[in-house]
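Visitor: My questions will all concern the structure given below.
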Amino acid sequence: MNAATAMLVALAIPAATAVLISLTGRWPNVREAVTLTGAALLFLCVATLTPGVLAGERPEQLLVELFPGLELSFLLEPLGMIFALVASFLWIINSIYSIGYMRGNQEQKQTRFYICFAIALASTMGIAFAGNMLTLFLFYEALTLSTYPLVVHKGNEDAKAGGRTYLGILLTTSIAFLLLAVLWTWWAAGTLDFRAGGILAGAVHGPMVGVLLALYMFGIGKAALLPFHRWLPAAMVAPTPVSALLHAVAVVKAGVFSVVKVVVYIFGIDFMKAEPSTDWLLYVAGASILIASMVALRQDNLKRRLAYSTVSQLSYVTMAAAILAPLSVVGAALHIAAHAFGKITLFFAAGSIYTASHKTKVSELNGIGWRMPWTMGAFAIGSLSMIGVPPTVGFVSKWYMLQGAFSTGQMFAVAVIFASTLLNAAYFLPVVYAAFFRKPGASEDNPGHGEAPWPVVLALTLTAAGTIVLFFLPALPLGLAKGLVGV
Amino acid sequence: MIAAHLPVLQVVLPLMAAPACVLLRRPRLAWGFATLVSWACFGIAALLLGQVLENGDISYALGGWAAPWGIEYRVDTVNAFVLLIVSAISSVVLPGARASIEREVEGDRVDLLYTCWLLCLAGLLGIAITGDAFNVFVFLEISSISSYALIALSGERRALVASFRYLVMGTIGATFIVIAIGLIYMVTGTLNMADMGARLPAVWESRTVAAAFAFLTVGVGLKMALFPLHLWLPSAYASAPSPVTAFLAGTSTKVSVYLLLRFVFTIFGAGYAFGIQALEYVLMPLALLGILSASVVAIFQLDVKRLLAWSSIAQIGYMVLGISLASLTSLTASILHLFNHALIKTGLFMAMACVFYRIGSTRLEDMEGLGHRMPWTMAAFVAGGLSLIGVPSSVGFVSKWYLVLAVLERGWWPLAVFILFTSLLAVVYVWRVVEAAYLRPAPAGTGRSEAPLSILLPTWSLIIANFYFGLDTSLTVGVASRAAASLLGAGP
Numbered sequence: 219m220n221a222a223t224a225m226l227v228a229l230a231i232p233a234a235t236a237v238l239i240s241l242t243g244r245w246p247n248v249r250e251a252v253t254l255t256g257a258a259l260l261f262l263c264v265a266t267l268t269p270g271v272l273a274g275e276r277p278e279q280l281l282v283e284l285f286p287g288l289e290l291s292f293l294l295e296p297l298g299m300i301f302a303l304v305a306s307f308l309w310i311i312n313s314i315y316s317i318g319y320m321r322g323n324q325e326q327k328q329t330r331f332y333i334c335f336a337i338a339l340a341s342t343m344g345i346a347f348a349g350n351m352l353t354l355f356l357f358y359e360a361l362t363l364s365t366y367p368l369v370v371h372k373g374n375e376d377a378k379a380g381g382r383t384y385l386g387i388l389l390t391t392s393i394a395f396l397l398l399a400v401l402w403t404w405w406a407a408g409t410l411d412f413r414a415g416g417i418l419a420g421a422v423h424g425p426m427v428g429v430l431l432a433l434y435m436f437g438i439g440k441a442a443l444l445p446f447h448r449w450l451p452a453a454m455v456a457p458t459p460v461s462a463l464l465h466a467v468a469v470v471k472a473g474v475f476s477v478v479k480v481v482v483y484i485f486g487i488d489f490m491k492a493e494p495s496t497d498w499l500l501y502v503a504g505a506s507i508l509i510a511s512m513v514a515l516r517q518d519n520l521k522r523r524l525a526y527s528t529v530s531q532l533s534y535v536t537m538a539a540a541i542l543a544p545l546s547v548v549g550a551a552l553h554i555a556a557h558a559f560g561k562i563t564l565f566f567a568a569g570s571i572y573t574a575s576h577k578t579k580v581s582e583l584n585g586i587g588w589r590m591p592w593t594m595g596a597f598a599i600g601s602l603s604m605i606g607v608p609p610t611v612g613f614v615s616k617w618y619m620l621q622g623a624f625s626t627g628q629m630f631a632v633a634v635i636f637a638s639t640l641l642n643a644a645y646f647l648p649v650v651y652a653a654f655f656r657k658p659g660a661s662e663d664n665p666g667h668g669e670a671p672w673p674v675v676l677a678l679t680l681t682a683a684g685t686i687v688l689f690f691l692p693a694l695p696l697g698l699a700k701g702l703v704g705v
Numbered sequence: 044m045i046a047a048h049l050p051v052l053q054v055v056l057p058l059m060a061a062p063a064c065v066l067l068r069r070p071r072l073a074w075g076f077a078t079l080v081s082w083a084c085f086g087i088a089a090l091l092l093g094q095v096l097e098n099g100d101i102s103y104a105l106g107g108w109a110a111p112w113g114i115e116y117r118v119d120t121v122n123a124f125v126l127l128i129v130s131a132i133s134s135v136v137l138p139g140a141r142a143s144i145e146r147e148v149e150g151d152r153v154d155l156l157y158t159c160w161l162l163c164l165a166g167l168l169g170i171a172i173t174g175d176a177f178n179v180f181v182f183l184e185i186s187s188i189s190s191y192a193l194i195a196l197s198g199e200r201r202a203l204v205a206s207f208r209y210l211v212m213g214t215i216g217a218t219f220i221v222i223a224i225g226l227i228y229m230v231t232g233t234l235n236m237a238d239m240g241a242r243l244p245a246v247w248e249s250r251t252v253a254a255a256f257a258f259l260t261v262g263v264g265l266k267m268a269l270f271p272l273h274l275w276l277p278s279a280y281a282s283a284p285s286p287v288t289a290f291l292a293g294t295s296t297k298v299s300v301y302l303l304l305r306f307v308f309t310i311f312g313a314g315y316a317f318g319i320q321a322l323e324y325v326l327m328p329l330a331l332l333g334i335l336s337a338s339v340v341a342i343f344q345l346d347v348k349r350l351l352a353w354s355s356i357a358q359i360g361y362m363v364l365g366i367s368l369a370s371l372t373s374l375t376a377s378i379l380h381l382f383n384h385a386l387i388k389t390g391l392f393m394a395m396a397c398v399f400y401r402i403g404s405t406r407l408e409d410m411e412g413l414g415h416r417m418p419w420t421m422a423a424f425v426a427g428g429l430s431l432i433g434v435p436s437s438v439g440f441v442s443k444w445y446l447v448l449a450v451l452e453r454g455w456w457p458l459a460v461f462i463l464f465t466s467l468l469a470v471v472y473v474w475r476v477v478e479a480a481y482l483r484p485a486p487a488g489t490g491r492s493e494a495p496l497s498i499l500l501p502t503w504s505l506i507i508a509n510f511y512f513g514l515d516t517s518l519t520v521g522v523a524s525r526a527a528a529s530l531l532g533a534g535p
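As structure tokens, this is what we get:
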């Protein structure tokens, strides 16, 4: 199987998994086996592509010609490789977790849940491997639509309201801004291909470059740049495995992945440097980081706190791309992986707490660390990675971002990174502190629970371990990230 | 031998079949016969399109009488495409119509319904194929009168009112059109479209031509439900038997849009319509107002068939918008949307036929929880709805792509934003149905009961076509851009 076909297979595996899940829905054990097998196969398939990409291969696969001169096509490059690896690897762990969580909480309509999950993964692969902006847009929309049933999974009024916000913001931004930007690019540049160095130089001029960039950046609503971030906290009504894999990894990373793609391959770093009208992105992203962090400070609901933290962390990637230094782009690519492992651990922990004790609020967690040592230990590691403390992978990506910022003299970015590190510590460490060092109040003491079911604990231990392993062995993501900018 | 006579067979076949259908009397027999004839028409249309694409325009002198004395049938890329759309929609809907019609129409009238259907089909095909302006009026009346009857055949009493209202408006429209034709005849002395087109430039300054142009625009506007002449449409679509709605929604207004294209570009000429009469200043504001107001009204509908009808008015706005821009890309967008919207709306109305078959209503409140009771039907509705919204990989996206591109070519940014934002209104009204069907509990005591396969299969073939032609656009875009080029080239 050559690399070009392997990309199609990577798309087909989750799609086929979805079909098989729907056929085996009557037998939960078989259904779950199908999910796990599909996830494992997908990761294997994606993994086989990696050596070639590291060696500098860029396989291409045309699908169909949609409009004259404009095809749906796939092109494998390092950033997509990182994204695909992270998403497909975490799908395996997340599936283990889902099984424990969905059964532990006796959720309804589990078959539909797993089907939508597999379709969402297929869309994610499509985004990761997209060879041009049109293909990316197609799978971007498919991802929005396939995750909607997961967001409204509970089917109550809260879920419906959350689903409206989710779909409303993601579809509005993508159709009104992103599609317009794509059409504008096609009309001006005559191509939508992802090309090293960008395609817009010479096609768009002056202030219009800034406007087009705004259409792209706000159009990619999944990157949750303020003020189009509200869909992310709204999506927290979904069952926790959805928040964990989709709203900490696949969906939001699809957003910042697209942001980096647009900056690197559509605009081109040099072109953006030469156009002063694009400078605003750095400041908006910086403001996004700080404001979202401050909002996170005030959230008592644990998942909402994590959601705002995600908003803030996503803007790290956007800001790192906007610094426009090769090293910061490496940092951006690394942060896609780093944040994925850290944040999925935190969500896993939040879901674990909910499954074991039905607690959702930070203020209820006093002393819970001794009853759920694995969960809260993993939570602590995840928090450290969010803050960027060694030995967690969060440190590595921040290191590169800072290096990039220093190399271009972007003191604003440096200041934002330092300030937000303090803020991250301020909203994560109290949770860890309370869990281990505060005595539970009399009313909160509920001795009836211990750890969550073992699949849940296993999953969160694995991802927590991952954040540490990646700190010591960052060679793979680093190699890919460097391939992205050629340093 | 027969290949040479395809143009006339296209019309004569359904026209002659209609009285034969009455003689059959038996409902099932009439249905089978009508379906067969419709498929034959589709075959002829496909052959004609093939011939036109290969050998260029076809001119057929009816009865061997040469134009301008005899009637000329003239097939070019534009109307060959319209013939294909009309006959294809009829052929896909008819197989699914039997089960629905048996439920919705009284037994002794079923054969009459199929007779009217064939007459309507003949009329619509006739309007599209003929190259003679007066002949257009004749076929317009045939299709209109039979469609009034089709709507009135519904068992519901309100259908009579709806049909009567449509009759009044439709008759005014047809009268205006015949007045326009008469006025053009006055100054050019011919009824042949090509001759009219050749002779009109000499008399562009005359007030008679201006009057003809005004009558025509209003008359066709009425027939195609251009805002603000659209009021007959929602109740007509909502109360007609479901398969009839599906058929008319995909064909009748589309043929009227074709008529506008033909008169504006072939007969009056783009130079007259846009250069002298400044038609864009009439059409564009009306199109924009229509898109916006009809989409907003659609959001507040309680009956899904009515909701879709309002959405149709908005979609016609998009087609007219493309016409008013009068560029190669914009006309391509309009002609593409003729085809694409026919697929979308017919698919959606067929899904409603499934719903009506099972629960006897298409009101939102009665459709609660229907996603679990009729999973395949509602999945079809959702897929069709996504196409209506214009999600990439669907035909709706293809239309939107070309329309926005046409606007960008003009550099009219606000208009591009407007088109994209109004397509979001479609999200709102489609999602009202989705939420009702999937996020509300089904009434107690209702189990899973899917519509019969005979309706479900046509529905799904239309939905699949929505996505097939959304991904493989070579046929539709190829034909539409050729048709647009021929329209622009045809004008003086």
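For the record, the sequence lines run as chains C and P. Going by my numbering, the first residue of the first sequence is number 219, and it counts up by one from there. Going by my numbering, the first residue of the second sequence is number 44, and it counts up by one from there. Cβ coordinates follow ideal geometry from the N, Cα and C atoms, glycine included.
1. Taking the straight line between their C-alpha atoms, what separation do you get for Ile686/C and Thr610/C?
2. In this structure, how does DSSP classify Arg249/C when only helix, strand and coil are distinguished?
3. Only counting runs of 3 or more residues, tell me where the beta strand (DSSP E) segments fall wholly within the segment 252-334 of chain C, in order along the chain.
4. Are the segment 673-691 of chain C and the segment 115-127 of chain P in contact at 8 Å, needing three or more beta carbon pairs?
5. Given a cut-off of 9 Å, decide if Leu259/P and Ile220/P are closer than it, judged by their beta-carbon atoms.
6. Please decide whether Thr420/P counts as near chain C, where near means a Cβ-Cβ distance under 9 Å.
7. From the DSSP output, which residues share a beta bridge with Val118/P?
8. Taking 9 Å as the cut-off, decide whether the C-beta atoms of Trp309/C and Leu260/C are in contact.
9. Measuring only between beta-carbons, confirm whether Gly386/C sits less than 9 Å from chain P.
10. 9 Å is my cut-off, CB to CB: does Arg382/C come that close to chain P?
11. In the DSSP assignment, find the unbroken alpha helix (DSSP H) run with Glu375/C in it and report its ends.
12. Quick check: is the beta carbon of Phe285/C nearer than 9 Å to any beta carbon in chain P?
13. Listed in chain order, which residues of the segment 332-345 of chain C have Cβ atoms closer than 8 Å to some Cβ of chain P?
14. Along the chain, where does the alpha helix (DSSP H) containing Arg589/C start, and where does it finish?
15. Any beta carbon of chain C sitting closer than 9 Å to that of Asp515/P?
16. Is there at least one Cβ from chain P nearer than 9 Å to Pro494/C's Cβ?
17. Using a C-beta cutoff of 9 Å, does Pro435/P count as contacting chain C?
18. Under 9 Å between C-beta atoms, does Ala394/C make it to chain P?
19. Confirm, please, whether the CB-CB distance from Val476/P to Val347/P is below 9 Å.
20. Is the beta carbon of Gly381/C less than 9 Å from the beta carbon of Ala452/C?
21. Tell me whether the beta-carbon of Leu401/C lies closer than 9 Å to the beta-carbon of Val441/P.
22. Take Val300/P and list the residues in its own chain whose beta-carbon comes closer than 8 Å to its own, dropping the five residues that flank it on each side.
23. Hey, which unbroken runs of the beta strand (DSSP E) at 3 residues or more fall wholly within the segment 355-395 of chain P?
24. Against chain C, with Cβ distances strictly below 9 Å, would Trp455/P count as a contact?
25. Can you pull the DSSP bridge partners for Lys266/P?
26. What does DSSP give as the partner residues of Asp411/C in its beta bridges?
27. Chain P beta carbons: is any one of them nearer than 9 Å to that of Thr610/C?
28. Within 10 Å of its beta-carbon, does Tyr116/P have 16 or more other beta-carbons around it, so buried, or fewer, so exposed?
29. DSSP on Asp409/P, reduced to helix/strand/coil?
30. Could you name the residues of the same chain whose beta carbon sits closer than 6 Å to that of Ala514/C, not counting the 5 residues immediately before and after it, in chain order?
31. By DSSP, does Lys579/C sit in helix, in strand, or in coil?
32. Apply the 10 Å Cβ neighbour rule to Val282/C and answer buried if 16 or more other Cβ atoms are within range, or exposed otherwise.
33. Go to Leu229/C, then tell me how far its alpha helix (DSSP H) extends in each direction, as first and last residue.
34. Please classify Met351/C as buried or exposed, where buried requires at least 16 other C-beta atoms within 10 Å of its C-beta.
35. Just reading off the alpha helix (DSSP H) that Ala652/C is part of, what are its end residues?
36. Using 8 Å as the cut-off, can you tell me whether the segment 67-74 of chain P makes contact with the segment 149-161 of chain P, which would need three or more C-beta pairs spanning the two stretches below that distance?
Guide: Reading off the structure:
1. Those two C-alpha atoms are separated by around 5 Å.
2. helix
3. Annotation: the segment 252-334 of chain C contains the following complete segments of the beta strand (DSSP E) (minimum length 3 residues), in chain order: 278-285, 288-293.
4. no
5. yes
6. no
7. Ile101/P
8. yes
9. yes
10. It does: the Cβ of Arg382/C has a partner Cβ on chain P nearer than 9 Å.
11. 375-390
12. yes
13. none
14. 586-589
15. Cβ-Cβ to chain C under 9 Å: yes for Asp515/P.
16. no
17. Flagged as an interface residue toward chain C: Pro435/P, by a C-beta distance shorter than 9 Å.
18. Yes, its Cβ sits closer than 9 Å to a Cβ of chain P.
19. yes
20. Yes, they are a contact pair.
21. No.
22. Met267, Ile359, Met362, Val363, Ile366, Ser377, Leu381
23. none
24. So no, Trp455/P is outside the interface.
25. Paired residues: none, contrary to the question.
26. Asn350/C
27. Not an interface residue.
28. buried
29. When DSSP states are grouped into helix, strand and coil, Asp409/P belongs to the helix group.
30. Arg523, Tyr526, Ser527, Tyr645
31. strand
32. The C-beta of Val282/C has fewer than 16 other C-beta atoms within 10 Å across all chains shown, which makes the residue exposed.
33. 221-241
34. buried
35. 629-655
36. yes
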